[in-house]
Structures are given as C-alpha cells and as structure tokens.
Amino acid sequence: YFGKDVSELTLAESALIAGLIQSPGVYSPLYGTNPDLAEVRKEYVLDQMLKNKKLTGITEEEVEQAREEELVYATKEIDIDAPHFVFYVKQLLEEEFGIDRVERGGLKVTTTLDMSLQQIAEEEIVKGIEAARRYNVNNGAMVVINPKNGQVLAMVGSVDYFNVEDPRVDGNVNIAVSERQMGSSIKPFVYLTAIGQGYGPWLLTPDIPQIQFGNYKPTNWDKQYQGLMTARKALVLSRNVPSVYTLQLAGIDNFLQVIEKTGVTGMTNKASYGLSLGLGSGEMKLVEFTNAYATLANSGVKNDITAILKVEDSKGEVLFEAEENTGKRVFDEKEMYLINWMICDLAGFNDRYGNQYYYIGKSKLCGKTGTTDGPRDLLAFLYNENLAVGVWTGNNNNEDMPGGWSSTVPLPLANSFFRRVIENYPSGTYNRPAGIMTTSVCTDSGGSASETTECAKEASLYISGRPPQSDERKSIQVCTANGLVPTNLDAAAKYGLVQSKLLMTTKLENELQRVAYETYLLSGEGSRYLFAEPASGACPLPLGPDNAPIVELTSPSSGATVTRGKNLEISGEVRYLESITEFKVKFDGSDISGASLKADGKFVVNYFVPAGTSIGNHTIIVSAKDNYGKVDSKSVTVKVVDSVSSISLSIAAPANGVTISFSPTAVTLLASVSGGSVEQVTFTITQKTGGAYTKTLTDNNGSDGWRQSWTSDGVTSGQYEISISAISGGNTITGNSV
Numbered sequence: 005y006f007g008k009d010v011s012e013l014t015l016a017e018s019a020l021i022a023g024l025i026q027s028p029g030v031y032s033p034l035y036g037t038n039p040d041l042a043e044v045r046k047e048y049v050l051d052q053m054l055k056n057k058k059l060t061g062i063t064e065e066e067v068e069q070a071r072e073e074e075l076v077y078a079t080k081e082i083d084i085d086a087p088h089f090v091f092y093v094k095q096l097l098e099e100e101f102g103i104d105r106v107e108r109g110g111l112k113v114t115t116t117l118d119m120s121l122q123q124i125a126e127e128e129i130v131k132g133i134e135a136a137r138r139y140n141v142n143n144g145a146m147v148v149i150n151p152k153n154g155q156v157l158a159m160v161g162s163v164d165y166f167n168v169e170d171p172r173v174d175g176n177v178n179i180a181v182s183e184r185q186m187g188s189s190i191k192p193f194v195y196l197t198a199i200g201q202g203y204g205p206w207l208l209t210p211d212i213p214q215i216q217f218g219n220y221k222p223t224n225w226d227k228q229y230q231g232l233m234t235a236r237k238a239l240v241l242s243r244n245v246p247s248v249y250t251l252q253l254a255g256i257d258n259f260l261q262v263i264e265k266t267g268v269t270g271m272t273n274k275a276s277y278g279l280s281l282g283l284g285s286g287e288m289k290l291v292e293f294t295n296a297y298a299t300l301a302n303s304g305v306k307n308d309i310t311a312i313l314k315v316e317d318s319k320g321e322v323l324f325e326a327e328e329n330t331g332k333r334v335f336d337e338k339e340m341y342l343i344n345w346m347i348c349d350l351a352g353f354n355d356r357y358g359n360q361y362y363y364i365g366k367s368k369l370c371g372k373t374g375t376t377d378g379p380r381d382l383l384a385f386l387y388n389e390n391l392a393v394g395v396w397t398g399n400n401n402n403e404d405m406p407g408g409w410s411s412t413v414p415l416p417l418a419n420s421f422f423r424r425v426i427e428n429y430p431s432g433t434y435n436r437p438a439g440i441m442t443t444s445v446c447t448d449s450g451g452s453a454s455e456t457t458e459c460a461k462e463a464s465l466y467i468s469g470r471p472p473q474s475d476e477r478k479s480i481q482v483c484t485a486n487g488l489v490p491t492n493l494d495a496a497a498k499y500g501l502v503q504s505k506l507l508m509t510t511k512l513e514n515e516l517q518r519v520a521y522e523t524y525l526l527s528g529e530g531s532r533y534l535f536a537e538p539a540s541g542a543c544p545l546p547l548g549p550d551n552a553p554i555v556e557l558t559s560p561s562s563g564a565t566v567t568r569g570k571n572l573e574i575s576g577e578v579r580y581l582e583s584i585t586e587f588k589v590k591f592d593g594s595d596i597s598g599a600s601l602k603a604d605g606k607f608v609v610n611y612f613v614p615a616g617t618s619i620g621n622h623t624i625i626v627s628a629k630d631n632y633g634k635v636d637s638k639s640v641t642v643k644v645v646d647s648v649s650s651i652s653l654s655i656a657a658p659a660n661g662v663t664i665s666f667s668p669t670a671v672t673l674l675a676s677v678s679g680g681s682v683e684q685v686t687f688t689i690t691q692k693t694g695g696a697y698t699k700t701l702t703d704n705n706g707s708d709g710w711r712q713s714w715t716s717d718g719v720t721s722g723q724y725e726i727s728i729s730a731i732s733g734g735n736t737i738t739g740n741s742v
C-alpha cells in the first residue's frame with residue numbers, strides 16, 4: 005500500500021490498514037469494490053484509539069495530525085486480468101466463506117468469466133470513451149450476462165482500473181456494482197407494471213402540457229410535447245410525461261414489486277420514492293439492472309446473477325458448485341411478450357429512437373437507453389434471446405457531460421460490442437404465446453376501433469380477457485351558433501350552420517388526469533371533440549323575424565340599364581325554413597311567367613323586354629311565401645333604353661377641316677345624338693402633326709346638350725383629329741371623327 009516496512013508506517017497509515025482488515029475486498033482504496041469507505045474506516049479506527057487512549061497511549065493532538073495527513077499510496081499496477089470482476093468475485097467469496105479463508109485458505113475458484121468477451125468489452129469501452137471525450141465523457145462500464153442462466157460473462161468496472169489520479173475515472177471503483185440512477189432505461193419496467201395491472205401497448209398515454217402531478221411537472225428531453233399516443237409509441241420514443249402518467253396509473257408500490265422481482269435490490273424503503281421513479285430517479289447497480297433486462301430477454305424467467313461456478317479447497321474438496329436450471333418465472337409469459345413486442349419492435353414499426361442501433365444487418369436487437377439530468381449518467385441496454393448487455397458512461401465524480409446523449413454515446417458502444425459477438429449469440433425471435441390477440445386502436449383514445457371508426461389508428465395487441473375499451477364514438481351534427489343538436493338540422497345544414505363533432509365514449513384510464521385530457525382535446529379553435537351529448541334546440545337560421553323567408557336579389561343591380569327588345573336575366577336566392585308555396589317575379593306589377601325556384605333556393609328568370617316598353621325607369625319585384633304563410637320580397641329599379649343599333653352619334657362642332665383658335669376662349673366640342681339615349685359621351689383628341697398630344701374629355705350629363713370645352717393647355721400648332729364614342733345600356737357606340 006505505501007511501499008515501506010511496517011515499522012515505518014505513520015499513525016494515519018497504520019489506522020487505514022487496520023480499518024481494511026474487516027473486509028479488504030470492499031474497503032481497500034486500491035482494490036476494493038467501494039474504496040471510498042477506506043477513509044471512513046481509517047476515521048473509525050482513530051476514533052476507537054482516542055476513545056481508549058488509556059490503553060493506546062494516544063493523544064488528541066496525535067489523532068488530529070493523523071486525520072489531516074494526506075496519504076500517498078505506492079502506485080504499483082498488479083498483473084491481473086479483469087480486475088473489477090476479480091475483486092467482485094473476491095467480495096462474494098468473503099461474504100460466503102469469510103476473510104480468513106479467502107485470504108489464506110488456498111481456494112480454487114472457477115468463475116463464469118468469458119475472457120474473449122471480457123477483452124472485447126474492455127476494448128469497446130476504451131474505444132467508446134475515447135470517441136466521447138468531446139462531451140466530457142471520461143469513464144465507462146459494461147456488464148454482459150447470459151439470460152439463460154444469469155452468468156456474468158464480462159464485467160468492466162471502469163475505462164482504466166489503474167487510473168486513480170483522475171477523479172472523473174477513479175479507476176478502482178467498480179461502477180458495475182455502484183449505485184447509479186438509470187434514467188429512461190427504467191421505462192420498460194414502468195409499462196410492464198401497467199401491463200401487469202391489466203393494460204397493454206394500446207394504453208393511451210398523453211404527452212401533453214396539461215398533464216401535471218401536483219407540484220411535480222416533468223418535462224420531456226426535447227422540451228416538446230407530441231400529443232396523444234399509445235404506450236408502445238411513448239416507450240419507443242422515450243417520452244417522459246407518458247412514463248410518469250403510466251406510473252401514476254399503475255402505482256408506485258406495484259412498480260417497486262416489479263423491480264424487486266427482477267432482482268434489483270436496495271429499493272425497499274417505499275416511503276422514499278415518488279413519481280420521479282418513472283424517469284429513473286431510483287439508484288440501482290448496473291449488474292443487477294442488466295440482469296433485469298436479461299429477465300426480459302428470457303421471457304420473464306429470472307436467473308440469479310452468477311459469477312462463481314465452483315469453489316474448491318486446497319485439497320480439491322468442492323465447497324460450492326452452482327446449480328443448473330435455477331431460473332424462476334417471475335412474470336407471466338404473455339405479459340413479457342407484450343413488453344418485448346414493444347421494445348423489440350416485433351411488429352416492424354421502425355420508429356424507435358436511435359432505431360439504426362437496434363439492428364445488426366438483418367438481426368434485430370431489443371433494448372432501451374437512459375439519460376439522467378445534467379446529463380450525469382448515459383446508459384444503454386441491448387439484448388436478444390442469448391445475450392444481455394448493459395453499458396454506463398459518464399464521470400465518476402458526477403461532472404456534467406454537455407451535449408452527451410445516451411443515443412450517441414453508450415448505445416453505439418453497446419451496438420459495436422454486440423456486432424463483434426453476435427455470430428456466437430445470434431438473435432432469434434420471440435414466439436407469440438397463446439392468448440395474445442390483435443386489435444386496432446384509436447391513438448386519441450386507446451380504444452379498439454372498427455374499420456368505420458373515424459380516428460387515426462395503430463395496430464396493437466392485448467391479452468385475452470384484458471381487451472382495451474371499445475371506441476364507439478359517434479359523429480354528431482352541432483349548431484355552430486349555440487352548440488345544440490339542431491332540431492332543424494336539414495335547414496341548418498343547408499345554410500352551412502352545423503359542424504360535425506365526435507362524441508367520445510371511452511374513458512381515460514387514469515382518472516386523475518381526465519380533466520387534463522379533456523381540456524387538451526377541447527382546446528384549440530375548431531375542436532371536433534365532445535364528452536357529453538349536447539341538448540337539442542333550434543339552430544338560428546339566416547332568415548327574417550320568426551324565421552320568415554328572405555329574398556336576395558343578385559341581378560340586375562339597382563339602376564342597371566336594360567335594352568328594349570333584349571333578354572333580361574333576373575337571378576338570386578330565397579332562404580326559407582321548410583318550403584316555399586308561392587314564388588313570383590313581377591315586371592312593373594305584371595307576373596313573369598315561368599318563374600320558379602330550384603331545390604337549393606336559387607332562381608334564374610329570363611324576361612324578354614318588349615320593344616314597346618317605354619324608355620326610362622321600371623320596377624322588378626321578387627316575392628316568396630313559405631308554408632307558414634310568411635312573405636318576403638325584394639325590388640329593384642332598372643332603366644330601359646333603346647337598342648344601340650338605332651342610335652346615331654356624330655360630332656356637331658367643330659366642323660371637319662376647319663382651322664380653330666383658342667383665343668380668346670376655349671373651343672366647344674358638341675355631339676349630336678339621335679334615335680335613342682346614351683349615358684355618357686367621350687371626345688378623344690389626338691395630335692397628328694407638329695407634336696404629341698392626347699386628351700380625353702368625357703361628359704356624363706347631357707342636360708345642356710352633349711358638349712365639352714377644349715382648353716389650350718399643352719396645345720401646339722398642328723393638325724388634330726377629334727373622335728367620338730358613347731355608352732348606352734353598357735354598350736359602346738362609335739361615331740365619326742373630324
């Protein structure tokens with residue numbers, strides 16, 4: 005320990021060595037499985053010496069100096085393979101046979117270690133940690149277990165057993181048997197607990213911001229929410245809120261019982277835990293938790309962790325020999341198939357987070373990752389039917405690892421290890437046991453859906469006798485104005501006043517979160533969900549008082565010009581409650597024959613304006629009476645004009661070819677209109693020689709004759725052409741030019 009003769013030891017050094025004697029395999033600062041306790045033991049020895057100072061002759065001053073002395077160890081590497089595993093086994097032997105016999109008894113021990121796997125594991129840890137140093141990841145550990153018998157085939161407790169200088173590594177510490185938080189890698193066991201309570205992969209697990217757990221409000225790793233989803237999807241996407249939701253539903257006590265069944269120890273004080281257990285806040289040993297995953301790999305048959313196969317004494321007498329076939333079924337085979345169906349992606353959804361690392365060629369792997377806050381622990385567990393691998397990466401002194409994720413550090417590392425050994429530990433398939441039924445569920449309810457159910461669906465499984473609820477939602481037409489089921493549905497639908505809504509029949513499994521779930525579905529503009537059927541009542545219609553009909557006249561518009569001897573189109577719409585018994589269109593009080601309504605309430609009536617109709621204003625009236633005798637009408641005034649073919653238009657002044665002068669006044673332009681009426685006259689003046697000049701003069705009022713004044717602004721000497729046009733009944737008439 006100190007590279008000196010015992011006679012040269014200081015009080016502090018002597019106290020430390022005396023403190024190790026009880027269990028050097030645990031307390032040794034160089035080789036112990038829990039070397040931090042070396043200092044604790046040293047302090048204990050000094051306390052006892054001071055307490056018995058009459059016998060020891062020690063003084064308080066000497067004890068105080070010993071407490072403050074910094075111990076310097078002789079850093080001599082020992083020639084030993086798999087040191088963490090060796091001292092792990094040594095501790096097991098001490099617990100079984102006592103320290104004296106282990107230290108001096110000449111025991112011959114046969115272990116489960118596979119040195120070829122051990123060497124690969126050590127190489128992969130070194131390689132993986134080197135690649136992850138950019139995230140301040142400096143240490144790693146791996147445990148490899150045979151699921152069929154619980155045998156520990158490889159154990160790497162740190163990246164470098166002999167690196168005791170770097171506190172981030174503290175190489176003597178065996179992380180494989182140290183208590184660490186497991187993060188999201190605990191989630192399969194949360195959902196397994198729920199399956200044991202009668203639920204399944206179909207369970208609705210909302211990932212929504214409305215979910216709260218008293219003062220505890222977990223967030224997702226990406227700070228986002230992905231809405232409503234099944235337990236299967238929530239697990240493979242590692243959503244935090246759904247996991248805590250599921251733990252609340254399944255119960256903390258039930259969850260702790262599940263963990264205990266897997267062989268994980270140290271979580272017996274139930275009062276110490278809360279819902280954060282659903283995110284891996286409970287501390288566990290990597291070796292034990294890897295064996296928990298081995299139990300999943302073995303379809304619910306748990307084997308005790310086995311590191312020692314045989315112990316013989318110096319005479320060859322067998323003191324211990326591990327039994328074969330010690331496995332015990334601790335979980336129902338059908339329940340285990342459901343959890344493996346989820347995290348092994350047996351249905352081929354291919355939506356697992358980091359999905360590429362769960363494949364080696366066409367061989368499929370199962371597993372889950374975990375990241376603790378900071379992050380301080382990055383974990384990954386991979387398994388198939390023949391091998392279970394657990395990997396931890398991080399810093400032994402809990403330094404954070406900015407940018408590090410379990411999917412980018414330990415998961416590729418575990419995959420790389422598996423890739424090198426899978427030929428000897430191939431992936432098979434999990435046979436579907438009897439009693440596993442297929443279904444399709446709505447992802448917004450978790451209820452089983454028929455082909456006609458209006459919802460987003462996901463394939464799922466359930467155990468016979470434990471089906472999901474039946475989603476028998478129904479579509480209801482609701483009045484958008486008052487939220488009632490319209491007693492006048494046909495009329496309300498005709499005018500687009502109803503909205504189709506879904507009346508949900510399933511109940512949220514976790515009643516404590518029902519309000520949050522319903523609030524989420526009812527929030528947002530245009531929500532389509534209902535949780536109670538509305539009362540019935542009339543939907544307000546776009547009608548007159550007491551639902552009287554309303555006539556809308558679209559064409560012609562007020563003041564429109566109508567030409568004698570031409571067709572006039574009269575169109576519009578009548579809105580009514582039930583039916584129209586009388587519909588009339590009149591021109592100056594006379595019925596227009598053939599006027600009728602279409603089934604949708606629209607009408608188009610063509611009326612030939614007789615040639616003898618007087619020039620001027622005329623009235624069109626459209627009226628409708630419904631089956632209750634209620635009447636509405638609309639009228640419009642139109643202006644009848646002559647046909648443009650009979651109208652003559654010409655320039656009366658100035659005459660063609662004259663010379664004009666603007667001095668001293670403007671020049672008057674005068675139009676001659678005969679054979680009909682016009683609404684507008686336009687003179688267009690264009691300079692033909694001597695320059696570029698264009699001017700348009702429009703007259704909309706012929707009360708003083710159709711005339712305009714042409715001023716001299718911009719006019720230069722030259723030849724000009726004046727042309728004339730007019731508008732009559734929307735038609736353009738062209739006259740002569742001068």
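Add 4 to the 1-based position in the sequence shown for our numbering, that's all there is to it.
C-beta: ideal position from N, C-alpha, C; glycine also.
Only a predicted model underlies this, so the values are computations on that prediction, with no experimental measurement involved.
Residue i - DSSP class collapsed to helix/strand/coil
i    : result
M119 : helix
M441 : strand
V194 : helix
S479 : strand
V143 : What sits at residue 143 in the sequence shown is Asn, not Val. If DSSP states are grouped into helix, strand and coil, N143 belongs with the strands.
P416 : helix
Y363 : strand
Q159 : One point to set straight first is that residue 159 is Met, not Gln, in the sequence displayed. Looking at M159 - three-state DSSP - the assignment turns out to be strand.
R711 : strand
V502 : strand
Y249 : helix
V322 : strand
E47  : helix
Residue range of the beta strand (DSSP E) that includes residue i
i    : result
T14  : Here T14 belongs to no beta strand (DSSP E), and DSSP marks it neither H nor E.
W396 : 392-398
V566 : 565-567
D104 : Segment 103-108 is the alpha helix (DSSP H) holding D104; no beta strand (DSSP E) there.
Chain-order list of residues whose beta-carbon lies under 6 Å from that of residue i (same chain, five-residue window excluded)
i    : result
G680 : D646, S650, I651
R532 : K505, L506
Y229 : D211, I212, P213
S721 : G694
A622 : Going by the sequence as given, residue 622 is His instead of Ala. Counting only Cβ-Cβ distances below 6 Å, and skipping sequence neighbours, we find D592, V642, V644.
I664 : P658, V671
G282 : V194, S247, V248, L251
Contacts around residue i, its chain only, beta-carbon distance under 7 Å, and the 5 residues preceding and following it disregarded
i    : result
T672 : A657, R711, S713
Distance between residue j and residue i (C-alpha atoms, nearest Å)
i    : j    : result
P192 : S182 : 22 Å
Y387 : T294 : 9 Å
D51  : Y92  : 29 Å
E476 : G439 : 24 Å
E74  : D170 : 17 Å
G398 : V168 : 16 Å
E577 : F612 : 21 Å
G61  : P39  : 29 Å
Q69  : L96  : 36 Å
G620 : S575 : 22 Å
S618 : G739 : 25 Å
Own chain partners of residue i with C-beta closer than 8 Å, once the 5 adjacent residues on each side are dropped
i    : result
K461 : S444, V445, C446, T447, A453
M119 : D85, A86
L323 : F101, L111, V315, E316, D317
K634 : G548, D550, N551, A552, P553
N- and C-terminal bounds of the alpha helix (DSSP H) containing residue i
i    : result
V608 : Not the alpha helix (DSSP H): V608 falls in the beta strand (DSSP E), residues 606-612.
G749 : Beyond the ends of the chain as shown, which are 5 and 742, falls residue 749; an answer cannot be given.
M346 : 337-347
M288 : Element bounds for M288: not the alpha helix (DSSP H) but the beta strand (DSSP E), 287-289.
Presumed contact (8 Å Cβ cut-off) between residue i and residue j, rounded CB distance
i    : j    : result
K366 : C348 : Not a contact, Cβ separation roughly 14 Å.
N142 : R184 : With a Cβ gap of about 15 Å, N142 and R184 do not count as contacting.
I625 : K590 : 4 Å
Cβ of residue i within 8 Å of any chain D Cβ
i    : result
S444 : No chain D appears in the structure shown, which is made up of a single protein chain.
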